[in-house]
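What follows is a single structure, written as structure tokens, with notes after it.
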Amino acid sequence: MENLQSAVDTLVHSSNTLFILIGAVMVLAMHAGFAFLEVGTVRQKNQVNALSKILSDFAVSTLAYFFIGYWISYGVTFMQPAAVLSADHGYGLVKFFFLLTFAAAIPAIISGGIAERARFVPQLCATALIVAFIYPFFEGMIWNGNYGLQAWLQERFGASFHDFAGSVVVHAMGGWLALAAVLLLGPRQGRYRDGRLVAFAPSSIPFLALGSWILIVGWFGFNVMSAQTLQGVSGLVAVNSLMAMVGGTMAALIVGRNDPGFLHNGPLAGLVAICAGSDLMHPVGALVTGAIAGALFVWCFTAAQSKWRIDDVLGVWPLHGLCGVWGGVACGIFGQASLGGLGGVSLISQLIGTTLGVVVALVGGFAVYGAIKAFHGLRLSQEEEYYGADLSVHKIGAVSQD
1 MENLQSAVDT LVHSSNTLFI LIGAVMVLAM HAGFAFLEVG TVRQKNQVNA
51 LSKILSDFAV STLAYFFIGY WISYGVTFMQ PAAVLSADHG YGLVKFFFLL
101 TFAAAIPAII SGGIAERARF VPQLCATALI VAFIYPFFEG MIWNGNYGLQ
151 AWLQERFGAS FHDFAGSVVV HAMGGWLALA AVLLLGPRQG RYRDGRLVAF
201 APSSIPFLAL GSWILIVGWF GFNVMSAQTL QGVSGLVAVN SLMAMVGGTM
251 AALIVGRNDP GFLHNGPLAG LVAICAGSDL MHPVGALVTG AIAGALFVWC
301 FTAAQSKWRI DDVLGVWPLH GLCGVWGGVA CGIFGQASLG GLGGVSLISQ
351 LIGTTLGVVV ALVGGFAVYG AIKAFHGLRL SQEEEYYGAD LSVHKIGAVS
401 QD
């Protein structure tokens with residue numbers, strides 16, 4: 001009997017380890033999506049820089065999260081013998097890998113907003129500080145119950161703040177951190193002339209579309225594998241993600257009037273918004289959530305660029321920041337049993353948790369990027385920006401004419 005129980009335990013631990021490892025690899029692949037989405041959106045003279053930032057940011061994020069960030073979030077340190085770390089088939093290590101890919105998404109999101117005029121090394125410094133301290137502070141508060149916020153919300157409003165896969169913890173945090181960086185950097189040279197917006201066309205719609213599709217496919221690992229165990233996996237999460245993606249696509253197609261840039265960001269807006277409540281909502285609620293997010297992205301991207309003069313190159317603040325906020329709120333609406341959801345969620349708790357995420361991101365963003373701007377500088381020189389970050393920073397262009 002003991003041998004049978006041991007065999008069952010071994011199978012459970014090994015299956016859970018494989019399950020979350022597959023999720024980690026799928027979310028790791030999403031970073032290629034971030035890279036190509038940025039490569040296709042920026043001008044050709046900045047394509048090499050876009051690719052280099054995403055990969056370098058991931059490496060810096062890994063070091064910052066391994067040695068500091070994961071300990072702040074979950075109280076876990078890896079300075080132990082390998083025999084201890086490999087317990088339960090190394091599930092604890094693979095869980096770190098999975099959550100690292102979430103943490104590393106923060107600088108990948110920010111990269112798209114500050115593209116074409118940010119200095120390379122200062123951004124890597126900002127990545128280290130954000131992934132080591134800012135993001136883990138909020139992640140641990142929400143996903144590990146640190147500092148008693150979740151317990152207080154549970155006691156006061158009957159439910160804690162629910163963010164199943166990171167609409168607020170990951171995406172809103174990344175989007176609002178990016179807003180702080182974008183505002184401190186200012187617009188690109190020539191973006192506004194005589195009070196009017198000057199269009200900078202994407203360098204490659206095929207690369208932009210490729211990035212979007214890689215992100216779409218990887219997102220099902222991002223959402224579904226957030227269960228972190230086979231026992232917790234749910235087809236509801238997968239179908240809700242699908243419906244939100246479709247809703248965002250259709251809304252962006254219609255509101256964006258067939259613009260391919262809006263069209264390929266629409267599904268991403270829907271997926272950002274559904275992360276929080278993908279395990280609670282009815283598929284129709286997910287469809288509505290995604291559709292509102294897709295329309296919200298188009299409207300807010302247009303307003304930010306034209307009216308508010310916020311030169312956010314990839315629109316990461318509207319896409320991740322605002323749609324992430326909408327996702328946190330939508331979870332409290334469409335997660336209710338009265339609207340077909342599974343219930344167990346409080347709209348007030350969702351509003352409080354979402355607002356707190358925005359505040360932490362803005363304060364942290366202005367603190368980190370403000371300090372770097374004051375002591376080291378954030379922006380390329382006028383000449384460097386003119387010639388492009390590829391030649392100025394990396395000494396090579398994206399294509400060769402030889």
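Numbering (the UniProt record's numbering), first residue to last: 1 to 402.
C-beta: ideal position from N, C-alpha, C; glycine also.
Item to check | Closest Cα partner of G69 within the set Q80, F102, L37 and S203 | outcome: In the sequence shown, the residue the question calls residue 69 occupies position 69. Of the listed residues, the one whose Cα sits closest to G69 is F102.
Next on the checklist: If we require 4 or more residues per run, which alpha helix (DSSP H) segments fall completely within the region 202-253?
Outcome noted: Counting only runs of 4 or more, we get 205-224.
Next on the checklist: Using the three-state DSSP reduction, which class does R156 fall into: helix, strand or coil?
Outcome noted: Against the sequence shown, residue 156 aligns to sequence position 156. Looking at R156 - three-state DSSP - the assignment turns out to be helix.
Item to check | Run of the alpha helix (DSSP H) containing F78, from where it starts to where it stops | outcome: Counted from its first residue, the sequence shown places residue 78 at position 78. Element bounds for F78: n/a, residue is neither H nor E.
Next on the checklist: Going by DSSP, what residue range makes up the alpha helix (DSSP H) through Q382?
Outcome noted: To locate residue 382, count along the sequence shown from 1; it is residue 382. Taken as a continuous stretch (DSSP letters only), the alpha helix (DSSP H) holding Q382 covers Q382 to Y387.
Checklist entry - Taking DSSP as the reference, what is the three-state secondary structure of A87? => result One-based indexing of the sequence shown puts residue 87 at position 87. Looking at A87 - three-state DSSP - the assignment turns out to be helix.
Checklist entry - Since residue 419 and T355 are thought to touch, with beta carbons under 8 Å apart, how far apart are those beta carbons, to the nearest angstrom? => result There is simply no residue 419 to check, as the chain begins at 1 and stops at 402 in what is shown.
Checklist entry - Is the number of C-beta pairs between the region 173-180 and the region 103-122 that are closer than 8 Å three or more? => result In this structure the region 173-180 touches the region 103-122; the number of beta carbon pairs closer than 8 Å is three or more.
Checklist entry - Distance, Cα to Cα, C125 vs A286? => result In the sequence shown, counting from the first residue as 1, residue 125 sits at position 125. In the sequence shown, counting from the first residue as 1, residue 286 sits at position 286. Going from the Cα of C125 to the Cα of A286 covers about 38 Å.
Checklist entry - Just how far apart, CA to CA, sit L28 and V198? => result As a working mapping, residue 28 is identified with position 28 in the sequence shown. As a working mapping, residue 198 is identified with position 198 in the sequence shown. Spanning the two alpha carbons is a distance of roughly 35 Å.
Next on the checklist: For the structure I just gave you, are there three or more beta carbon pairs, one from the region 142-153 and one from the region 324-341, closer than 8 Å?
Outcome noted: No: fewer than three Cβ pairs fall under 8 Å.
Next on the checklist: Does L197 come out as helix, strand or coil in the three-state DSSP assignment?
Outcome noted: By 1-based counting over the sequence shown, the position of residue 197 is 197. L197: strand per DSSP, three-state reduction.
Checklist entry - Out of curiosity, what's the CA-to-CA distance linking F161 and S73? => result Taking the sequence shown and counting its residues from 1, the one referred to as residue 161 is at position 161. Taking the sequence shown and counting its residues from 1, the one referred to as residue 73 is at position 73. Going by the C-alpha atoms only, they are around 16 Å apart.
Next on the checklist: In the DSSP assignment, the alpha helix (DSSP H) including residue 403 goes from what residue to what residue?
Outcome noted: The first residue shown for the chain is 1 and the last is 402, placing residue 403 beyond what the model contains.
Next on the checklist: If the criterion is Cβ atoms closer than 8 Å, does the pair G364 and I130 meet it?
Outcome noted: Numbered from its first residue, the sequence shown carries residue 364 at position 364. Numbered from its first residue, the sequence shown carries residue 130 at position 130. It is a contact, given that the beta carbons lie within the stated cut-off.
Item to check | For A178, the three-state DSSP class (helix, strand or coil) | outcome: Start at 1 with the first residue of the sequence shown, and residue 178 comes out as number 178. Of the three classes helix, strand and coil, the one that applies to A178 here is helix, per DSSP.
Checklist entry - Skipping 5 residues on each side, what residues in its chain have a beta carbon closer than 8 Å to that of L296? => result Along the sequence shown, read from residue 1 onward, the residue named residue 296 stands at position 296. For L296, where only same-chain residues beyond five positions count, the Cβ hits under 8 Å are A269, P318, L322, C323 and W326.
Checklist entry - Start and end of the alpha helix (DSSP H) containing M141? => result Taking the sequence shown and counting its residues from 1, one reaches residue 141 at position 141. Y135 to W143 is the extent of the alpha helix (DSSP H) around M141.
Checklist entry - Exposed or buried, K45, counting other C-beta atoms within 10 Å across all chains shown (16 or more means buried)? => result Here residue 45 refers to the residue found at position 45 of the sequence shown. Under this definition K45 is a buried residue.
Checklist entry - At a cut of 8 Å, does the region 175-194 reach the region 336-351 through at least three beta carbon pairs? => result Contact between the region 175-194 and the region 336-351 is absent: fewer than three C-beta pairs spanning the two stretches fall below 8 Å.
Next on the checklist: On the CB-based measure, 16 or more other CB atoms within 10 Å of its CB, does F67 come out buried or exposed?
Outcome noted: Taking the first residue of the sequence shown as 1, we reach residue 67 at position 67. Exposed, since its Cβ has fewer than 16 Cβ neighbours within 10 Å.
Item to check | Contact check, V42 vs A50, beta carbons under 8 Å | outcome: Looking up residue 42 in the sequence shown gives position 42. Looking up residue 50 in the sequence shown gives position 50. If you check the CB distance, V42 and A50 come in under 8 Å.
Checklist entry - So the alpha helix (DSSP H) G357 belongs to, where does it begin and stop? => result Working through the sequence shown from its first residue, we reach residue 357 at position 357. Residues L347 to F375.
Next on the checklist: If I follow the unbroken alpha helix (DSSP H) through Q123, where does it start and stop?
Outcome noted: In the sequence shown, the residue the question calls residue 123 occupies position 123. Start and end: F120 to L129.
Item to check | N-terminal and C-terminal residue of the alpha helix (DSSP H) that K53 is part of | outcome: Residue 53 sits at position 53 when you count from the first residue of the sequence shown. Where K53 is concerned, the enclosing alpha helix (DSSP H) stretches over Q47 to A64.
Next on the checklist: Quick check on A389: buried or exposed, where buried means 16 or more other Cβ atoms within 10 Å of its Cβ?
Outcome noted: As a working mapping, residue 389 is identified with position 389 in the sequence shown. Buried, by the Cβ-count rule.
Next on the checklist: Please state whether the Cβ-Cβ distance between F98 and I216 is less than 8 Å.
Outcome noted: As a working note, residue 98 is residue 98 in the sequence shown. As a working note, residue 216 is residue 216 in the sequence shown. With contacts defined as CB atoms closer than 8 Å, F98 and I216 fail to qualify as a contacting pair.
Checklist entry - Relative to the alpha-carbon of S203, which residue among G23, G40 and H31 has its alpha-carbon at the smallest distance? => result Within the sequence shown, the letter at position 203 stands for residue 203. The option with the nearest alpha carbon to S203 is G40.
Item to check | the region 132-147 contacting the region 233-250, beta-carbon criterion three pairs below 8 Å | outcome: no
Checklist entry - When you compare only the Cα positions, how much space is there between S86 and V94? => result Residue 86 sits at position 86 when you count from the first residue of the sequence shown. Residue 94 sits at position 94 when you count from the first residue of the sequence shown. Straight through space, the alpha carbons of V94 and S86 are spaced by roughly 10 Å.
Item to check | Between the CA atoms of A374 and G247 - distance to the nearest angstrom | outcome: Residue numbering aside, residue 247 sits at position 247 when the sequence shown is read from its first letter. Residue numbering aside, residue 374 sits at position 374 when the sequence shown is read from its first letter. Spanning the two alpha carbons is a distance of roughly 43 Å.
Item to check | Integer Cβ distance of G33 from G256, believed to fall under 8 Å | outcome: By 1-based counting over the sequence shown, the position of residue 33 is 33. By 1-based counting over the sequence shown, the position of residue 256 is 256. Actually they are not in contact, since the Cβ atoms of G33 and G256 sit about 20 Å apart, beyond 8 Å.
Checklist entry - What does DSSP give as the partner residues of Y147 in its beta bridges? => result Locating residue 147 in the sequence shown gives position 147, where the first residue counts as 1. Paired residue(s): none; Y147 is not in a bridge.
Item to check | Rounded distance between the beta-carbons of F157 and I348, thought under 8 Å | outcome: Within the sequence shown, residue 348 is the residue found at index 348, counting from 1. Within the sequence shown, residue 157 is the residue found at index 157, counting from 1. Correct: roughly 5 Å between the Cβ atoms.
Checklist entry - Leaving out the 5 sequence neighbours to the left and right, which residues in its chain are closer than 7 Å to G166 when beta-carbon positions are compared? => result Residue mapping note: residue 166 aligns to position 166 of the sequence shown, counting from 1. Excluding positions up to five away in sequence, the list reads F102 and C275.
Next on the checklist: Contact defined as beta carbons within less than 8 Å: I believe F178 pairs with I114. What is the distance between those atoms, to the nearest angstrom?
Outcome noted: On the sequence shown, position 178 is the one that residue 178 refers to. On the sequence shown, position 114 is the one that residue 114 refers to. First, the amino acid is wrong: residue 178 is Ala here, not Phe. With a beta-carbon spacing of about 7 Å, A178 and I114 fall inside the 8 Å limit used to define contacts.
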